[in-house]
Each structure stands twice: as C-alpha cells, then as structure tokens.
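Protein chains: 2
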Amino acid sequence: MNSNRKRVSCGLDVGFTEDLEESIMRSNQNGYDFICTNIVKEGSAPFQGAKLNEKIGGITDTSYLFNSHEWASLVVGKVSYFTDLTSPVDKRRLMASEALMQELQFAAFLSLPAVIVEVKDENCSAVARIIYSFLHQGHHNLHIWVKIPLQSYDGQQDTWQWWNKFRRMCNSHGRIGLALEITSDLPPQLERWSGEPIRVVFLSTSVFLTNKKGFPVLSRPHQQIVSKLLRLNCQAVISGDKINEDSVVVYHQYLNHLCQAANTEGQYERFARGYEDYLQAPLQPLMDNLESSTYEIFEKDPIKYSMYQEAVYRCLLDIIPDEQRDEVTGVIMVLGAGRGPLVRMSLRGAEKANRKVKLYAVEKNRNAAVLLEHLRATEWKKHDVTVVSADMRTWDAPELADIIVSELLGSFGDNELSPECLDGATRFLKPNAVCIPQSYTSYVSPISSQKLYNEVKGVVNSERNKPPESSFETPYVVRIHNYHELADPIALFTFNHPNWNNASENPKTEFYGQVTPKQWQAKFSKECAVEMNGGNHNADVVKEEIDGSECDSLPFSVNDKGLLPDNHHNSRYKRLSFNVPFDTILHGFAGYFRCALYQDVEISIEPRTHSPGMFSWFPIFFPVKDPIDITGGSNLKVDFWRCTNEEKVWYEWCVDSPRPSSIHNPNGRSYTIGL
Amino acid sequence: MNSNRKRVSCGLDVGFTEDLEESIMRSNQNGYDFICTNIVKEGSAPFQGAKLNEKIGGITDTSYLFNSHEWASLVVGKVSYFTDLTSPVDKRRLMASEALMQELQFAAFLSLPAVIVEVKDENCSAVARIIYSFLHQGHHNLHIWVKIPLQSYDGQQDTWQWWNKFRRMCNSHGRIGLALEITSDLPPQLERWSGEPIRVVFLSTSVFLTNKKGFPVLSRPHQQIVSKLLRLNCQAVISGDKINEDSVVVYHQYLNHLCQAANTEGQYERFARGYEDYLQAPLQPLMDNLESSTYEIFEKDPIKYSMYQEAVYRCLLDIIPDEQRDEVTGVIMVLGAGRGPLVRMSLRGAEKANRKVKLYAVEKNRNAAVLLEHLRATEWKKHDVTVVSADMRTWDAPELADIIVSELLGSFGDNELSPECLDGATRFLKPNAVCIPQSYTSYVSPISSQKLYNEVKGVVNSERNKPPESSFETPYVVRIHNYHELADPIALFTFNHPNWNNASENPKTEFYGQVTPKQWQAKFSKECAVEMNGGNHNADVVKEEIDGSECDSLPFSVNDKGLLPDNHHNSRYKRLSFNVPFDTILHGFAGYFRCALYQDVEISIEPRTHSPGMFSWFPIFFPVKDPIDITGGSNLKVDFWRCTNEEKVWYEWCVDSPRPSSIHNPNGRSYTIGL
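If you read the sequences in order, they're chains A and B.
The opening position of the first sequence corresponds to residue 44 in this note's numbering, with each subsequent residue numbered one higher.
The opening position of the second sequence corresponds to residue 44 in this note's numbering, with each subsequent residue numbered one higher.
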C-alpha cells in the first residue's frame with residue numbers, strides 16, 4: 044500500500060465477505076492492491092451480546108489465515124454503522140458503543156493498517172468520543188479513516204463541517220485521516236478538501252459514466268477533483284454494484300490513466316519529491332557555516348544563476364557607457380561567494396557585456412574560501428579576481444564597489460538577514476553603486492493544512508527554557524503540498540538596497556557627494572509605498588509613508604543610538620487583511636518572496652510569479668497555535684512584526700480577527716535569527 | 044491594599060505629580076489607601092530618546108524616596124498612551140514601543156504592584172504585543188491592569204470585545220487584570236463583566252450626581268453595577284477634576300456606605316468566605332476515609348439535617364399507618380452513618396412521628412464506627428440501634444429494611460457514586476422500601492470566568508502518565524464567585540432509588556412478590572422523562588424514553604454480564620442546549636444538584652431552588668480547555684457522558700456547537716472516581 048507515482052494504489056470495497064482469502068485473491072487477480080471489508084456482517088452485530096473469545100463469524104473466523112504483514116498490507120477494515128450510539132435508551136447506547144469499541148479493538152488485534160468509520164450527519168460526537176477513547180487505549184498503530192461524502196444525501200448540508208467537527212472533537216489526532224467519498228453530484232468549494240489529511244478516495248462504480256467504447260470514465264469535473272486528490276499521495280477504493288464483475292480491473296486502469304495524464308511534474312516537482320510537507324528549520328548561514336554539499340545542491344538551480352548573469356550584464360551596460368568601456372574597470376564585489384557560482388556568473392555577464400571588471404569574492408566561511416582560492420588560480424586565472432576570507436560586515440575593503448552581488452535571501456526574503464548583511468556593506472559602496480539584488484519583498488497568504496498542523500504539533504523541541512508551544516512559534520521551510528490557500532498572497536515587508544539610512548556610521552562619508560541619504564530615502568519610501576498599495580494597505584497610511592517630511596518632524600534626538608539598536612531601520616510592522624469567502628479553518632500562513640535582482644530581472648517564489656523551474660527555495664510556513672475557525676465572508680486580519688536588536692532578528696505574529704490568536708513568539712522566545 | 048469586607052480599598056488618580064510624597068500624604072489624609080500616578084509626564088515622554096541612567100524627571104526623580112514595601116502598597120503606576128505604536132513610520136513606531144517598554148520596566152524596577160495601561164479602541168494588538176513581551180521578560184511581579192471604559196466614547200462599540208481581544212492576544216496571562224472605567228452612560232449587558240478579572244473600578248467624580256445635601260451619590264443603575272463589582276473583591280480609584288478638593292474624602296465614604304448597604308451576606312456566604320474561586324478536588328469518600336474534622340464541618344449545616352429529619356418523619360407516617368404503630372417496628376438502615384447525624388435525625392423523626400423503629404448504623408470507615416459505638420452506648424442507649432462496621436455493598440444484612448437513609452451526594456449529585464452505593468444496598472430492601480433520598484438530578488449551566496480558567500491553568504498535576512491538559516479534564520468543587528452564568532441551569536442526569544434494575548443479582552428474590560422490576564422500571568422511566576422535558580430535551584426522544592416496551596425489544600440476550608459492566612445502568616448520556624443572547628466567551632460549566640429526600644422534602648444547590656443557608660456543597664466546575672468565543676444568539680450545545688466500568692466512574696464532556704471542543708477526559712484518562 045505504498046503510494047507510487049506511476050500508478051494509483053487502489054483497493055476494492057467488497058463489503059462483508061464469508062471467504063476473505065478468496066476475496067483478496069480475486070481482487071489481486073483483477074489488479075487491486077487491497078480490499079476494504081466489513082469486520083462483521085452488517086445487521087448481524089456478532090459482537091453485540093457476545094465476548095471476543097466466543098465464535099462470532101465473518102472476518103473474525105479467518106483471523107488465523109494471515110500473518111500480521113499480510114493483514115497490514117491487504118485488508119482495510121470497515122466498522123459497522125451504529126445508529127444507537129446516541130439512543131436515549133441507555134442500554135441500547137451502551138451496547139452499540141461497546142460493539143463499536145470491540146470491532147475497533149479486533150481490527151487493532153489483527154494489525155489492520157486502518158479502519159473506515161462512516162459519518163452520515165453532523166451529529167457525530169458520540170462516534171467521535173468512542174474513536175478518541177480508542178486512540179488513547181494502548182499503543183497500537185491502527186489508523187482511523189473517517190468516511191465523509193463530498194455531498195450530503197439531501198444536498199443541503201456542508202459535509203466539510205461534519206469533518207471539521209469530528210476532527211476538532213478528536214483534537215486533530217494524528218491517526219485520524221479522511222476517506223473522502225466522491226459523490227455523483229459535486230458541491231461547490233471542493234478546493235477546501237485539499238488542506239485535509241485525505242488518505243483514501245472512495246469511488247462508487249455508479250459515479251462513472253460509460254464512454255463510446257463501453258469503458259467507464261469520469262465526467263470532467265470528477266476527473267479534476269479526483270486527479271487533484273490523488274496527487275496528495277492518497278489511495279483509491281472502488282465500491283458499488285459492479286465490483287464483482289471480472290471487468291472491474293478497468294476502473295483501476297482508468298485511474299492510473301487519469302493520474303498519468305494529469306502528471307505535469309516539472310523540474311521543481313522532481314527536485315521537491317519526497318520533501319512534501321516535510322518541515323525544515325530555516326538555514327542560519329550567518330551563524331552556521333554551510334557544508335559543501337549544501338552549496339552543491341543549490342548550485343544546481345537551473346534558473347537562479349542565469350538570472351544573476353543577466354542582472355550583472357544589464358547593470359554593467361548601464362553603469363559603464365559603451366564609449367568608456369576601454370578606460371573604466373567596474374569593481375564588482377560578490378558578498379557571500381560560497382563555492383563561486385556568483386563569481387562565475389558575474390564574469391560571464393561581464394564577458395557578454397564586453398566590460399572590464401575587477402572582482403572581489405568575499406566569503407566568511409573559511410572552508411569555502413579555500414575552494415574559491417583554488418578556482419581563482421585555475422578557472423579564473425585569466426581574470427582579475429581577489430578572494431577575501433572575511434565577514435562583509437567587518438571587512439576593511441581596499442576600494443569602493445560599483446556593484447555588489449549577493450544571494451543571501453531566505454524563503455521569506457529577509458529571513459536569512461540579507462538586510463543586515465548588506466547594510467554592513469554600505470560602507471564600501473560608491474554613491475551610485477548598485478546592489479544585486481536591488482530589492483525584495485516578502486509575501487504572505489493564509490492557509491489551511493491539517494497535515495502541516497500535525498507536523499508542527501509533532502516537533503519535539505529538545506532545547507531547554509523554551510515554552511511548550513515553541514514549535515508553533517517557529518517558522519519552517521517546507522514544500523507545502525497538502526494544503527489549501529485561503530486567499531492570494533499579499534506583500535508584507537520590502538527592503539531596498541543600498542540602504543543609505545544606515546550610512547551615518549559610514550567612515551567614508553566623503554563619497555556621499557553625488558547622492559544624499561535624504562534622496563535615497565525619498566526613493567525608497569516611494570517604492571515601499573507602491574508595494575504597500577499592492578498589499579491593500581490603508582491609503583492614508585501610504586500617504587503618510589510617502590510624505591518624506593514626516594521623517595524630519597520626528598521628536599527624537601538625532602543621536603538615538605542609546606535607545607534603538609543599530610539595525611532598527613530594518614524593523615517592520617504591517618497588518619494584512621484577507622477576504623475569505625468560505626467556511627474554513629486557519630492553520631497558519633505561507634510565506635514567499637519576490638526579488639528584483641536588477642530592474643525587471645526578477646526571481647520569485649510567490650506562486651503567481653514563480654520563476655519557472657527555480658527550486659532553490661521552498662516556501663516558509665508560519666503556524667498558528669490554535670486553529671481558527673473562519674466563517675465564510677470574514678475578513679481575516681493578521682499582524683506581522685519584524686523585530687531587531689543588537690544580537691538578533693525575529694518575527695512575531697498574531698491573528699487580529701475574526702478571532703484573535705495569542706501573540707506568537709514574544710521577545711523571540713521560541714525562534715530568533717542570530718546576527 | 045488588601046481587600047477588606049468592611050471598607051473599600053480606594054485610591055486617588057492624581058495624574059502626573061511633581062511631588063510624589065506630598066501627593067501620597069494628602070491622599071492618605073483624605074482617607075485614601077493609595078494613589079494612581081503617571082510614570083512620566085504626558086507629552087513630555089522623558090524616556091523617549093534618553094536612557095534610564097540619565098535624569099528623566101517626574102516619578103523617576105523620586106525613586107529614592109520609598110522602600111520597596113512602600114512603593115508596593117502606596118503607588119499604582121500609569122503608563123503613557125502612545126498613538127505611535129502602530130505608526131507606519133518605523134522609527135516612530137519603534138520609539139513609542141521602546142518608550143512604553145521602558146516605562147513598564149521602570150515600574151517593575153520600583154516594585155510597583157501594578158500599572159494601568161489604557162486601551163481606547165479595538166486596535167490593540169501593538170500594545171498587547173509589548174505587554175505580552177514584557178510579561179515574558181524576567182521574573183518581576185508587576186501586574187498589568189488594562190483600563191477599558193464600560194462604554195466607548197462614541198457609544199457604538201462593544202468595549203468588552205476590546206478586552207476580549209487584548210486578553211486573547213496575551214494568552215489570558217495571569218498577571219493581566221482589568222481596570223474597568225465606569226462611564227456616565229451605561230451600555231446593556233453589564234453582567235458580562237462579572238466573569239472578568241476586574242482588579243479595580245475607575246470612577247470619575249463627574250459620574251457622580253449631587254444629592255439634596257450636596258453630597259456625591261451614584262444613580263441607581265450605577266449603584267447596582269458598582270456594588271456588584273466591588274463584591275468581586277476589587278478596589279476602586281476616584282479620578283477627575285475634584286480629586287484635589289479637600290472634600291474628596293466623601294467619595295470614598297460613599298463607596299463604603301454603598302458596599303455596606305449592599306452587604307446581604309448570609310450563613311452560606313459567611314461559611315464560604317475565603318473559598319471564593321478556590322479549586323478543590325472533589326471528595327472521594329468511597330476510596331478515602333474522611334477525617335473527623337471533615338465530618339465535623341459538614342455536621343454544622345443548619346438545614347440539611349432538619350430536612351432529613353422531616354423526610355424520615357413523613358416517610359414513617361406513610362409506611363406505618365397510625366393504627367399499626369404499636370405492632371409494627373420500622374427497620375431503618377443508615378448507610379454511611381459517619382459520626383451519627385443521620386442516626387440522630389432518624390431517631391428524632393421517629394419520635395416526632397410516634398413510630399417504633401429499629402435502626403442499623405452502617406459505616407465502612409472503621410474509625411468513625413468507633414465513635415458510633417460510643418454514641419450507641421451513651422446518647423442512643425434507650426433506642427434500638429445496631430452499629431455495623433461494613434461496606435453497604437458487601438454487608439450481609441440480617442434482615443430487610445423499610446427505609447434506607449444516606450447522604451452520599453456530591454456537588455453534582457451522583458459524583459460521589461451514590462447510585463453505585465445504593466444499588467449495592469438493594470439486596471436488603473423490602474419490595475416497598477423507601478430510599479431517602481428518593482432521587483437526585485444534576486444541573487448544568489455554561490459560565491464565563493477568566494478567574495476560574497486561570498486557576499485551572501495554574502493547577503500543577505504531579506501525577507505521572509497524565510496528559511498536560513489533565514487539569515482541564517477534571518471537575519473541581521469550587522465556590523464560583525468571579526463568574527458570569529450565560530444561561531439558566533438545565534437538568535442533566537437523574538437517578539432514582541431504589542433501582543430494581545440491578546436486582547436480578549438479588550439473592551433474596553422471594554421478596555419481589557408485590558412489586559415487579561418492570562413496574563419499577565416504568566415508574567422510573569416516567570420520572571426521568573419529566574426531568575428530561577424540563578431540560579428541553581427533544582420531544583421524540585422523550586416519547587421513546589417513556590415507551591416502556593422499548594426495553595423489551597432490545598436485541599440483547601438477558602445475560603449480558605460479559606459485555607456490559609455491572610453498573611452499566613448508571614451510565615448516562617445527554618445533550619444540553621442553551622441559548623446565549625450576547626457575545627461572550629465560554630470557560631466551562633457550573634454543576635449543581637437537586638435532590639428529593641422524600642416526596643416534596645427537597646434539598647438543592649441549584650441556584651434558583653437553593654435550600655436557604657445550606658452550605659454543605661459548593662458547586663462543581665467542569666472546565667473547557669480552549670475558551671470558546673460565542674456570538675450572541677448562538678445555540679450552545681454540550682454533550683455530557685457518565686461512563687462506568689467495573690472499577691470506576693467518570694465523566695466525559697465536549698462542546699458540540701457553535702464551535703466544537705475536543706472531547707474532555709477520554710477513557711477517564713485525567714479523572715475518575717474509584718468504586
């Protein structure tokens with residue numbers, strides 16, 4: 044029952060069977076991987092009024108047939124549906140509860156991988172209670188797959204709410220998954236299911252149409268939802284009248300066909316394979332030295348470096364006019380040169396532009412600098428390259444740069460402290476120098492993902508002095524996969540470079556002749572305002588932001604060094620507002636970035652503008668501790684802060700409405716990025 | 044600043060003062076206990092752009108004046124109100140944030156008991172963030188009192204929502220309290236505030252009216268809310284224009300007068316004093332032997348025992364007709380006789396009824412039995428009393444009883460396992476025997492109480508193998524005080540005695556001649572149905588319940604002992620539905636009981652029918668792990684289960700709507716009552 048990209052793992056729902064071995068054999072012969080079968084005969088209720096050590100018929104007669112491995116791979120159980128679980132007659136209720144519990148315990152005893160439990164209306168607290176009690180008994184591994192139809196039988200109810208109630212009552216238990224029944228009629232808002240932990244899709248043969256050749260096919264809307272769900276690595280089960288026909292194999296074949304046809308896996312998806320919903324702590328390249336193998340992986344990105352080459356090329360053409368190309372030598376400093384890809388791309392860009400350059404490769408990781416020195420003496424021996432083993436924030440540069448090139452971006456843009464690093468390099472820039480990248484902006488969208496929520500809940504934090512909720516106060520780099528984006532991403536924080544705001548500390552102030560800090564400031568403000576507009580920011584606020592004179596009228600002394608940290612100008616705050624049109628549950632926020640390397644040469648991992656095939660960055664995920672129910676039509680407001688002090692940088696976040704969350708990561712108690 | 048029942052602890056809001064010592068002295072001379080004063084001069088913002096070690100004026104100049112104890116008892120600080128906390132100009136925002144943080148830290152440095160932080164609109168995430176960060180810094184004891192007006196300045200906003208947001212963002216931190224400002228106009232639904240952690244009530248002199256004699260008085264609605272709030276042990280602060288007049292003492296005098304006039308403290312309140320909102324684990328008298336002092340406390344109840352006497356009296360008159368009073372001797376068995384009060388009351392009842400009785404005093408606590416034997420030989424030597432040191436469930440009674448008398452009720456009625464104990468005594472009952480009590484019913488109402496929620500959060504569970512949420516999965520006996528009842532209590536579970544359901548095990552079945560178990564069953568069903576009707580139970584359900592034939596058609600074998608525990612007939616399930624008319628937050632459920640000792644001789648702790656002056660039982664509180672926001676007009680549905688097995692009894696509960704909670708206490712993992 045392992046998922047397989049080439050073919051769909053598919054089972055047959057054989058209902059109750061007297062001869063389990065025969066049923067499994069026939070299903071296998073017809074191309075199915077496993078069967079779904081009732082643990083006891085519906086209506087016979089053999090567990091009722093009997094004890095386990097008595098003879099009780101059905102699957103329970105065949106328990107000697109298989110070894111544990113066979114049970115675990117070939118059979119998914121189905122428990123009976125008991126209407127008496129809420130009976131006001133206590134004895135009826137107790138007998139039904141006990142019978143359900145015994146069926147569950149029997150399934151666990153046989154090492155079945157999972158049992159199907161049906162929910163047929165919103166009134167599911169009684170069955171949820173028994174499931175939740177069962178999950179707290181002993182240490183078995185049985186999974187519960189709650190079977191919910193896409194559409195209620197009367198078409199009037201929102202079956203997602205049934206699931207949401209069941210899940211909440213069981214406290215989002217990690218061993219509860221979803222068995223989604225594809226109904227003939229499809230309600231709207233099917234995308235909502237894509238954030239749920241769907242383990243299996245139930246398809247009745249009656250949902251299929253028959254094509255001209257007499258084969259079963261799905262309608263186009265059904266094809267879309269089924270192939271979308273199967274991409275979430277779930278399995279399928281065929282049920283219904285025709286499953287005993289010999290031709291039942293065609294249903295599985297059709298699903299395989301559907302899956303292969305829908306397979307549009309590109310370079311990014313191939314790279315990401317196996318990383319789906321796998322949480323990674325964000326890199327801290329400033330504090331930790333990367334290993335060579337980490338550099339190696341990222342150097343394979345087919346897109347990123349060609350964009351850098353293009354950016355350097357275009358920039359050199361702009362800053363060194365054609366008529367000066369013989370006299371002027373551009374000074375390029377690659378900051379954070381790593382194993383040299385940006386040096387290589389800069390040299391190629393210069394070659395293409397036919398401009399002379401002098402290049403400094405600055406790298407704080409001494410180990411990587413050894414490699415760079417080797418490359419200088421070999422690959423780059425005909426070029427003017429100087430390798431510097433130093434931290435750009437403290438390096439005493441021998442001359443000023445025309446261009447600085449860096450790749451210090453994290454998944455959230457600024458989260459690997461690119462702003463702080465590049466500010467540290469402002470000291471050795473010519474007044475009209477260009478930073479590549481010139482600016483970057485983080486983007487945020489609200490998402491629903493039970494899968495990610497459970498992953499975060501499962502993170503064990505071994506560090507002392509951290510609060511129990513610290514795993515929910517940490518962002519994660521993750522290839523988000525089993526999720527539902529509740530609204531389009533909105534721009535959050537923008538950083539522009541060079542940032543002369545911090546230039547008062549510059550010991551080389553004589554170079555400011557041409558451009559004043561104030562001029563730079565005005566430019567930045569305007570760019571920032573445009574971004575904020577894009578982010579639906581309040582118009583008055585934008586106006587105030589653009590109004591440069593605001594900055595002059597601040598009632599603070601010029602020298603406020605004692606009060607605010609050096610990097611205070613990289614602090615940010617913003618409230619984002621999303622309109623969520625449907626009932627859903629919020630588990631957190633996906634984060635992305637968009638970056639202008641030079642003018643319109645951009646790289647982006649923001650979904651709508653994602654650079655095709657660029658795989659160097661997965662999104663970032665900011666969890667919310669207590670999932671928040673959202674009623675359709677609500678305005679979801681969230682506050683993000685980027686906080687800074689002399690030693691570190693961190694984010695805090697909280698949901699403001701429709702239901703306020705607690706403030707996440709106060710003082711950076713759970714997560715900080717070291718300077 | 045200790046609260047005092049006789050007089051209101053009251054402060055003066057002196058605003059910013061240049062001479063702190065003088066201000067305190069004058070306030071004290073005018074009869075005030077403490078002052079409220081701004082930490083820095085409004086508008087002067089001395090912390091902005093300066094460091095703490097510089098001279099910064101105001102209160103900060105006088106920090107050498109007092110010792111820590113004086114600061115802690117005489118001065119409550121007020122921090123400045125910063126509109127810039129959400130400024131889009133990062134530097135403004137940072138300076139304001141830093142200034143607020145420094146004021147807070149300075150207050151903590153001085154050992155002030157609390158500071159006042161004003162919230163003036165719903166947009167409070169920025170100030171909440173700084174407060175929450177501050178509370179996570181270091182180990183100081185400074186409390187934050189969030190000042191919220193009862194009515195917003197435009198009268199249009201629900202200021203309770205401001206508070207609710209602030210509290211939620213700070214994760215209901217225990218050091219955050221409420222400073223409630225009484226406004227001239229009073230909005231509706233003031234009761235909602237009574238569940239909040241109000242520490243101080245702010246009263247401006249402008250809110251007072253002037254009576255004929257020229258003294259300040261409050262309007263009647265203001266009197267009601269203020270005296271209600273002051274009963275929550277909070278303090279008062281007088282603010283406004285007239286606080287510098289010498290006559291300012293009259294405001295404090297008026298509040299004292301108001302408080303004393305409203306003091307309707309009775310026997311119950313006197314007994315309960317000091318126990319307000321103090322959580323106690325429910326007694327487990329079945330598992331643990333009570334100490335003599337515990338018996339002693341409960342024996343002082345002025346009401347309970349007189350009701351027992353009346354019940355025995357009335358019962359004896361009914362079961363022994365006047366014409367038989369010389370021939371017949373009634374057999375009374377007191378089960379759980381303790382130190383003898385029920386024996387005493389039974390003898391008095393018999394005396395009053397002029398009936399002959401033979402009395403067995405059965406007590407499982409051997410220590411108490413020693414006392415009983417002493418009483419038999421002394422106080423009761425003229426009566427026919429037999430002391431039996433045994434557990435009623437296993438006692439081999441020498442004869443059958445006409446009346447059994449017991450007091451095994453917990454705050455929730457059945458929660459000290461009265462049903463299971465009395466079932467164990469069914470064996471030695473005559474067929475027409477009477478149980479005193481005859482029946483009891485638990486009642487439940489939803490409540491909002493930040494205070495109780497924080498108390499539960501603070502419970503440290505030292506037992507291993509219990510989940511971290513176990514304190515929220517345990518009911519507590521508590522004199523609920525700082526709470527708001529969101530709807531009237533509804534009947535939950537009813538138990539009737541004798542319960543012949545369990546009588547098939549009775550070795551003395553020859554006594555069934557007169558009344559069949561089926562007849563008893565029919566009677567119970569009807570009584571139960573009436574209770575359920577009272578509880579707004581679905582009408583169809585009630586019909587099914589009454590229909591006695593239901594029980595005959597159950598598809599179970601008669602002998603289901605192997606499947607269901609002996610005490611399965613004491614299992615219960617019920618869904619309760621409450622209409623909540625206003626926006627609020629649910630923290631849990633208050634539980635009570637009502638008990639028919641004999642016919643209409645009742646005892647009750649259900650508020651609407653509480654037996655006056657009876658103090659033996661405080662209510663019980665069932666917490667909800669995650670407080671649930673409720674929108675006005677919602678239908679609040681909650682499920683309660685009473686679960687039983689061979690060794691123990693426990694409750695499980697969950698909220699079904701408007702927002703499902705997780706199921707509390709699955710399998711009794713956090714709390715059970717041992718049999």
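Positions of the beta carbon are idealized from the N, C-alpha and C atoms, including for glycine.
For a contact defined as C-beta to C-beta under 7 Å, what are the partners of B/A171 on chain A?
I706
Is it the case that the Cβ atoms of B/V162 and B/W205 are separated by a distance below 9 Å?
yes
Which class does A/N110 belong to by DSSP, given the choice of helix, strand or coil?
coil
Taking only runs of the beta strand (DSSP E) that begin and end inside the stretch 427-468 of chain B, which ones reach a length of at least 3 residues, in chain order?
427-432 and 444-449
Where does B/Q199 fall in DSSP's three states?
coil
Could you check whether B/C478 and B/L472 sit closer than 9 Å to each other, using their CB atoms as the reference points?
yes
Own chain partners of A/P670 with C-beta closer than 6 Å, once the 5 adjacent residues on each side are dropped:
I628 and H630
CB B/S116 to CB B/E146, shorter than 9 Å?
no
Counted within 10 angstroms of its Cβ, other Cβ atoms place A/N12 as buried (16 or more) or exposed:
A query on residue 12 of chain A cannot be resolved here, the shown segment of chain A reaching from 44 to 718 and no further.
Of the residues A/T337, A/D284, A/A324 and A/S270, which one's Cα is nearest the Cα of A/A305?
A/S270
Close Cβ partners of A/E528 (< 6 Å) along its chain, the five nearest in sequence each way excluded:
S488 and I490
What residues in its chain sit with their C-beta under 6 Å from that of B/V400, if we drop five residues either side in the sequence?
G373, I375 and A393
Under the rule that 16 or more other beta-carbon atoms within 10 Å means buried, what is B/L252, buried or exposed?
exposed
Would you identify the three-state DSSP class for A/V601, choosing helix, strand or coil?
Low local confidence applies: a pLDDT of 34 at A/V601 is under 50, so the model's placement there is unreliable, with the coordinate-based value given in what follows. In this structure, A/V601 counts as coil in the three-state DSSP scheme.
Quick check: what's the CA-CA separation for A/V51 versus A/Y526?
21 Å
Roughly how many angstroms separate the alpha carbons of B/L415 and B/E334, rounded to a whole number?
14 Å
Leaving out five residues before and five after A/L418 in sequence, what residues of the same chain have Cβ atoms less than 6 Å from its Cβ?
G383
Using three-state DSSP, classify B/M16 as helix, strand or coil.
Outside the shown range of chain B (44 to 718) lies residue 16 of chain B, about which nothing can therefore be said.
Residues bridged to A/T537 (per DSSP):
A/T484
Is there at least one Cβ from chain B nearer than 9 Å to A/S614's Cβ?
yes
Between the stretch 660-672 of chain B and chain A, which residues of the former have a C-beta closer than 7 Å to a C-beta of the latter?
D669 and D672
If we count Cβ pairs, one from each stretch, closer than 8 Å, do we get three or more for the stretch 672-685 of chain B versus the stretch 493-504 of chain B?
no
Between A/G453, A/L273 and A/R263, which lies nearest to A/L329 when the distance is taken from Cα to Cα?
A/G453
Alpha-carbon spacing of A/I646 relative to A/C358, whole angstroms
16 Å
Go ahead and label B/I663 buried or exposed: buried means 16 or more other beta carbons lie within 10 angstroms of its beta carbon, across all protein chains shown.
buried
Closest by C-alpha distance to B/L55, when choosing among B/Y75, B/N397 and B/V243:
B/Y75
Rounded separation between B/N475 and B/D445 - CA only:
7 Å
Hey, is the stretch 240-251 of chain B in contact with the stretch 692-712 of chain A, meaning 3+ C-beta pairs nearer than 8 Å?
no
I'd like to know if B/R357 contacts chain A, where contact means its C-beta is closer than 9 Å to some C-beta of that chain.
no
Tell me the rounded alpha-carbon separation between A/L385 and A/A440.
19 Å
In the DSSP assignment, what are the bridge partners of A/L246?
A/I225 and A/I281
Enclosing beta strand (DSSP E) for A/V405 [first to last residue]:
K399 to E406
Measure from the C-beta of A/E570 to each C-beta in chain B and report whether the shortest distance is under 9 Å.
For A/E570, the predicted structure reports a pLDDT of 41, less than 50, and the residue's modelled location is therefore unreliable. A value from the coordinates is still provided. So, not an interface residue.
Would you list the residues sitting across from B/M376 in a DSSP beta bridge?
B/Y403 and B/I447
What I want to know is whether the C-beta of B/A534 ends up closer than 8 Å to one or more non-hydrogen atoms of the ligand MG.
Absence of the ligand MG from the depicted structure is noted, as is the absence of any ligand whatsoever, leaving it without description.
Does DSSP put B/C167 in a helix, a strand or coil?
coil
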